[in-house]
Amino acid sequence: MNAPYDGDRAQGTGGPAPSQGTAPGTPVPGQVPVPAPAPDRDPYVQHAYDYDPYRSQDLSAQDPVDEVLYDRAAHPPPAPGTFQEPGPLYAAPSAPVYSPDPRVWAQTPPPEPDGPSRHLPYGDHATTTEFVGVDSLVTRASEEQPEPDAFAHLYRDQEAAPRTPAEDVPVAAPAPSKPAGRATSLLKSSALMAAGTIVSRITGFLRTLVIAAAIGVGTFNDTYQIANTLPTMIYVLVGGGALNAVFIPQLVRAMKNDNDGGEAYANRLLTLVVVLLAGITTICVLAAPVFITMMSPKIASDPQQMDVAVAFARYCLPTMFFMGVHVVLGQILNARGRFGAMMWTPVLNNIVVIATFGAFIWAFGGFTTSGVNATTVTPEGVRLLGLGTLLGLTVQALAMLPYLRDAGFKPRLRFDWKGHGLGKAARLAKWTFFFVLANQVGLVIVTQLATWAGSVAEGQGHPGTGITAYNYALLLWQMPQAIITVSVMTAVLPRISRSAHDGDAAAVRDDISYGLRTSAVAIVPCAFAFLALGVPMATLLYAGSGSGAQNIGYVLMAFGLGLIPYSVQYVVLRGFYAYEDTRTPFYNTVIVAAVNAAGSAVSFFVLPARWAVVGMAASYGLGYAVGVGVAWRRLRTRLGGDLDGAHVMRTYARLTGACVPAAAVAGAAAYAVTQWLGSGVLGSATALIAGGIALAAVFLIAAKRMRIEELNAMVGMVRGRLGR
Numbered sequence: 029m030n031a032p033y034d035g036d037r038a039q040g041t042g043g044p045a046p047s048q049g050t051a052p053g054t055p056v057p058g059q060v061p062v063p064a065p066a067p068d069r070d071p072y073v074q075h076a077y078d079y080d081p082y083r084s085q086d087l088s089a090q091d092p093v094d095e096v097l098y099d100r101a102a103h104p105p106p107a108p109g110t111f112q113e114p115g116p117l118y119a120a121p122s123a124p125v126y127s128p129d130p131r132v133w134a135q136t137p138p139p140e141p142d143g144p145s146r147h148l149p150y151g152d153h154a155t156t157t158e159f160v161g162v163d164s165l166v167t168r169a170s171e172e173q174p175e176p177d178a179f180a181h182l183y184r185d186q187e188a189a190p191r192t193p194a195e196d197v198p199v200a201a202p203a204p205s206k207p208a209g210r211a212t213s214l215l216k217s218s219a220l221m222a223a224g225t226i227v228s229r230i231t232g233f234l235r236t237l238v239i240a241a242a243i244g245v246g247t248f249n250d251t252y253q254i255a256n257t258l259p260t261m262i263y264v265l266v267g268g269g270a271l272n273a274v275f276i277p278q279l280v281r282a283m284k285n286d287n288d289g290g291e292a293y294a295n296r297l298l299t300l301v302v303v304l305l306a307g308i309t310t311i312c313v314l315a316a317p318v319f320i321t322m323m324s325p326k327i328a329s330d331p332q333q334m335d336v337a338v339a340f341a342r343y344c345l346p347t348m349f350f351m352g353v354h355v356v357l358g359q360i361l362n363a364r365g366r367f368g369a370m371m372w373t374p375v376l377n378n379i380v381v382i383a384t385f386g387a388f389i390w391a392f393g394g395f396t397t398s399g400v401n402a403t404t405v406t407p408e409g410v411r412l413l414g415l416g417t418l419l420g421l422t423v424q425a426l427a428m429l430p431y432l433r434d435a436g437f438k439p440r441l442r443f444d445w446k447g448h449g450l451g452k453a454a455r456l457a458k459w460t461f462f463f464v465l466a467n468q469v470g471l472v473i474v475t476q477l478a479t480w481a482g483s484v485a486e487g488q489g490h491p492g493t494g495i496t497a498y499n500y501a502l503l504l505w506q507m508p509q510a511i512i513t514v515s516v517m518t519a520v521l522p523r524i525s526r527s528a529h530d531g532d533a534a535a536v537r538d539d540i541s542y543g544l545r546t547s548a549v550a551i552v553p554c555a556f557a558f559l560a561l562g563v564p565m566a567t568l569l570y571a572g573s574g575s576g577a578q579n580i581g582y583v584l585m586a587f588g589l590g591l592i593p594y595s596v597q598y599v600v601l602r603g604f605y606a607y608e609d610t611r612t613p614f615y616n617t618v619i620v621a622a623v624n625a626a627g628s629a630v631s632f633f634v635l636p637a638r639w640a641v642v643g644m645a646a647s648y649g650l651g652y653a654v655g656v657g658v659a660w661r662r663l664r665t666r667l668g669g670d671l672d673g674a675h676v677m678r679t680y681a682r683l684t685g686a687c688v689p690a691a692a693v694a695g696a697a698a699y700a701v702t703q704w705l706g707s708g709v710l711g712s713a714t715a716l717i718a719g720g721i722a723l724a725a726v727f728l729i730a731a732k733r734m735r736i737e738e739l740n741a742m743v744g745m746v747r748g749r750l751g752r
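Be aware that the sequence shown starts at 29, since it is given in the working numbering, and climbs by one per residue.
Structure representation (structure tokens):
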């Protein structure tokens, strides 16, 4: 539309038209004279904004009485050099640093740092300028003014009556929220995830206890463990590692750069995962006998054990589909700052499995009374355990949907994959695939050797020395890692990804150093606790499984100190993933897997069958110790030769120095109690309590004398939470 000229605007608004023959600017009787516009000011622009925020056209603002009543105490002049003089009134504004609100004409300035404001000479509050004294009564500067309409002059001639300021509904400028500090937000996110992980791990232990009470810890449980491990191995191999390591940075970038906040990218990723895993799951269910033979030739050589293992596998393999759906939905929520759902939903899976094996005990009796094995189990029993396992993962995946709805994300299938960045992610995931492949090859070798050694040892009268003992000890050993390290790094990883994307190597280094030192406060004492108290832990937890519980304790002790390099390796590799470098983690994992496989093979051929799995557990930590040395040097080079190594090593050295005497005292106390009360439930519980108290007391005393700042900060935070 063509903008009307000034005469049309006056007529359209009901104002009197100028008389013919009257010169412009000549006063008309009975009318207030209108001042002529300044020669350098556009009259159209001036008429478009009826409300002048600077009150330069308000007649009352030009009253000489104002100068007399002006309260100088309310408006002291700014300090020299602290106030920038305003530019021209209608000059083009500079590009805003903060995203503007289109509803508000004049943006509220962003909050200033602590201290006097540099841009608000009359007050330090970021949202309002404080007016006091008689000046506010005269100028009415503190009154709330209506929002101006920048395009009102285009439609003024179409209005029936002139609009008054009273008719406009003012839109208040949104008060800028004070951004939470990095440490505060990380602590809140880590605390939420740690709470969910603790509950998940506790219910996971309850699940293993119920499973052990139902089917024992011998070769029959080995059969179930292999079938239940297969879907996890295949899922991680085909896409799980890429989803965890590659697509979080991609989702963060999509949220930052895409107009829709990354929703379309996330839906394309979800569709790709659903289609890929559906096809792979179908193929794997049909090829279940091949996978069982690959995982354990010893089980495959026994026809009855083979039939039971294949039946378990065909019920368990479809769970990989729901694993993938759960992980991709969880990563979408993590990229949006919602960290709790992925940690809490596994609790539902554990509850379903606990109920399933509880029903098995109710129907067929516990292991100590039934002695169930591959030859005596019924098809109904196998079907009950298999369907319950599948149902648990299904519930876990579907439970993510309410969290997505609450986050404002609407999952829908999108097949327009080409040209939207998934190809780049797939190329990055190529090295992650090789990374996981190397890891899984090492796990297959360990599984084959452990099942063989466990079968031989059980024939010699030593149950609980096979892959079940290995997995149960590994599950307990990884609990501190999952609660502390994973929780901290899951919250830090999006921040590291953004810093790496911005080229801020110092921020990446600081976050990695923070993750290493913060997690070490709990990881190092837990590693020594496993070394000193592994046997009473296992005999207390798995007392219902019979005599095999003590052998699980020996395996847990062998895992013990390997927890330290295992945790460090996890943190260091996040730095490579933040830079979208998946090749270096692959080479590093090849080294770890090679050392682990070589150590496991040596343990299998050198040690007696009863102790072979114990040696394999020690080889697991040895592999990560070698891998940490390689990864540390490469990441230090990537970050310009500085990884805050002196600070990190000092923290770990002091924690280790405090833990060595604590573990010695705790081990001696636990051994004395078990010699006195035996290794039953009462003796194990008493030994664990006595040893735990001794370890905590000696460690805290030694750590206080060594002045470990990270531990002092954590103790202070706990005291603050408790109000002490």
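We put the beta carbon where it would ideally sit given N, CA and C, even for glycine.
How would you call residue i, buried or exposed, if buried means at least 16 neighbouring beta carbons within 10 angstroms?
i           : result
residue 737 : exposed
residue 539 : buried
residue 58  : Its pLDDT being 47, under 50, residue 58 is placed unreliably by the model, and nothing is read from it.
residue 634 : exposed
residue 434 : exposed
residue 710 : exposed
residue 509 : buried
residue 489 : exposed
residue 522 : buried
residue 732 : exposed
residue 638 : buried
Under the assumption that residue i contacts residue j (Cβ atoms under 8 Å), give the Cβ distance between them as a whole number of angstroms.
i           : j           : result
residue 320 : residue 337 : 5 Å
residue 261 : residue 471 : 7 Å
residue 466 : residue 614 : 7 Å
residue 312 : residue 345 : 5 Å
residue 616 : residue 659 : 5 Å
residue 694 : residue 723 : 4 Å
residue 600 : residue 582 : The Cβ separation is near 30 Å, so there is no contact.
How big is the Cα-Cα spacing for residue i and residue j?
i           : j           : result
residue 661 : residue 676 : 14 Å
residue 292 : residue 439 : 9 Å
residue 735 : residue 672 : 19 Å
residue 314 : residue 416 : 20 Å
residue 497 : residue 580 : 5 Å
residue 610 : residue 480 : 34 Å
residue 152 : residue 519 : Since pLDDT at residue 152 reaches only 40, below the 50 mark, its modelled position is unreliable, and no value is offered.
residue 606 : residue 242 : 44 Å
residue 322 : residue 354 : 27 Å
residue 389 : residue 333 : 21 Å
residue 720 : residue 561 : 8 Å
residue 716 : residue 702 : 9 Å
residue 404 : residue 244 : 14 Å
residue 462 : residue 263 : 14 Å
residue 307 : residue 265 : 15 Å
residue 543 : residue 500 : 27 Å
residue 565 : residue 589 : 16 Å
Can you name the start and end residues of the alpha helix (DSSP H) that residue i belongs to?
i           : result
residue 712 : 709-734
residue 506 : Taken as a continuous stretch (DSSP letters only), residue 506 belongs to no alpha helix (DSSP H), as it is neither H nor E.
residue 382 : 374-392
residue 652 : 637-666
residue 756 : Nothing can be reported for residue 756, as the shown portion of the chain is limited to 29 through 752.
residue 587 : 576-587
residue 515 : 514-529
residue 300 : 291-314
residue 613 : 611-634
residue 343 : 331-344
residue 326 : 325-328
residue 397 : 395-398
residue 567 : 533-569
residue 670 : Per DSSP, residue 670 belongs to no alpha helix (DSSP H) and is neither H nor E.
residue 252 : 247-263
residue 416 : 407-426
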